[in-house]
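Here's the structure, in structure tokens; my notes come after.
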């Protein structure tokens, strides 16, 4: 009996260690992506001014890393402070990081034929359970959170756009707004999947441009 219990204890310890190893292994890509993102930020934003509108993003350095980096999104209340990419197709950066390497997290990206100077800009990213990318975008569905943390910045080599979150809605992936892209009032639409499994439903968070100034 004692021998059986001893064997059972050994098996349970082994099982626990195996589960811990697998859990850590599954989290590693997300931890690595976070470290790479922080390292990139040190290159792109060498100094932090008091006013975020006066941040100087080093796009020359970013272009050396990847010419597809076209902008920088600052939305710290949901943990976003990183590059925006435009690929050859709409799907290029769905599963690639800012260096163009395969990544479960993908990147924040635009339509392939879009420009950040367009009146209406669409930005896409995965709804990650870890909260990375647009994993915390859903927080803006809470009126209290939206009222307390409404502002952000979009930087390009030419301009800095300050924006304010105004609301949200659900759309389907085949909604005409994503194909026709009507030029309405100047704004930004942040788009991500609803839930963590394959779905056609999208959460769209809208923002209006409150101030625009030339980069200096």
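Residue numbers (the numbering used here): 277 to 492.
Quick reminder that beta carbons are idealized off the backbone N, C-alpha and C, glycines included.
Quantities reported herein were computed from a predicted structural model and do not represent experimental measurements.
Each residue's CA atom was taken as its position, placing residue 431 and residue 349 some 6 Å apart.
As the crow flies, the alpha-carbon of residue 355 is around 18 Å from that of residue 329. Restricted to the segment 303 to 354, the beta strand (DSSP E) segments that are unbroken, complete and at least 3 residues in length are 345 to 351, listed in chain order. Residue nearest to residue 473 within the set 403, 487, 484 is 403 (criterion: CA-CA distance). In the DSSP assignment, residue 359 falls outside any alpha helix (DSSP H) and lies within the beta strand (DSSP E) extending over 356 to 361. Judged by beta-carbon spacing, residue 392 lies within the 8 Å limit of residue 360, meaning their Cβ atoms are closer than that value. Around the beta carbon of residue 413, a 10 Å sphere encloses 16 or more other beta carbons of the protein chains shown; the residue is thus reported as buried.
Shown here, residue 421 sits in a helix according to DSSP, grouped into three states. Using a Cβ-Cβ distance cut-off of 8 Å, the segment 442 to 451 and the segment 473 to 482 are in contact, since at least three pairs of beta carbons, one from each stretch, lie closer than that value. Looking at the backbone, the Cα of residue 418 and that of residue 317 are separated by about 29 Å.
When the beta-carbon positions are compared, residue 467 and residue 369 stay at least 8 Å from each other. The criterion of a C-beta distance shorter than 8 Å is not satisfied by residue 387 and residue 401. Note that the C-beta distance between residue 362 and residue 344 is below 8 Å.
For residue 485 and residue 351, the gap between their C-alpha atoms comes out near 14 Å. In the DSSP assignment, residue 470 is bridged to no other residue. Taking a C-beta distance under 8 Å as the contact criterion, residue 435 and residue 381 do not qualify as a contact pair. C-alpha of residue 424 to C-alpha of residue 439: approximately 14 Å in a straight line. Rounded to the nearest angstrom, the gap between the Cα atoms of residue 376 and residue 384 is 12 Å. By the C-beta density criterion, residue 334 is exposed, having fewer than 16 other C-beta atoms within 10 angstroms. C-alpha of residue 462 to C-alpha of residue 396: approximately 5 Å in a straight line. The alpha-carbon of residue 426 is positioned some 18 Å away from that of residue 407. The closest CA to that of residue 464, considering only 450, 394, 405, 470, is found on 394. DSSP links residue 378 through a beta bridge to 372.
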